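In this note's numbering, the protein residues as written are 885 to 1014.
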């Protein structure tokens, strides 16, 4: 069973552009108020949307923006020690890419936690949404 998130969000910081987004997520997850984030309260797994100036979606280097020190994830309080993009391949729909990566998050008590994740990316105008 799934729930659906639909909203209009702003483009990258400093941009005045907006875009309508929608995605499905497990109904057991919780949507944050006033945020595009949803979370699985049992595991801490989070789904979010990151906007970045559009680059080459086929390039592994482009996805460095996901863990940028001034980006959404680290500003939200999840310090990242290191990360690596494992693969970039065509997504299930034309114009979308599926990105696999691994990263090491730093917990509040300074323990290193190895994680793996998958992201979907697409371009809308001069903005990439991941």
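C-beta: ideal position from N, C-alpha, C; glycine also.
Predicted, not measured: the structure shown is a model, and the values here were computed from it.
In this structure, residue 956 sits away from residue 987, with a CB-CB distance that is not shorter than 9 Å. According to the DSSP assignment, residue 905 belongs to the beta strand (DSSP E) that extends over 902-910. Runs of the beta strand (DSSP E) spanning 3 or more residues and lying entirely within the segment 947-981 occur at 964-974, in chain order. Around the beta carbon of residue 1005, 16 or more other beta carbons sit within 10 angstroms, so the residue counts as buried. Annotated three-state conformation of residue 945 is helix, per DSSP.
Bounds of the beta strand (DSSP E) holding residue 1001 are 996-1008. With distances taken between CA atoms, residue 1001 lies nearest to 951 out of 951, 903 and 902.
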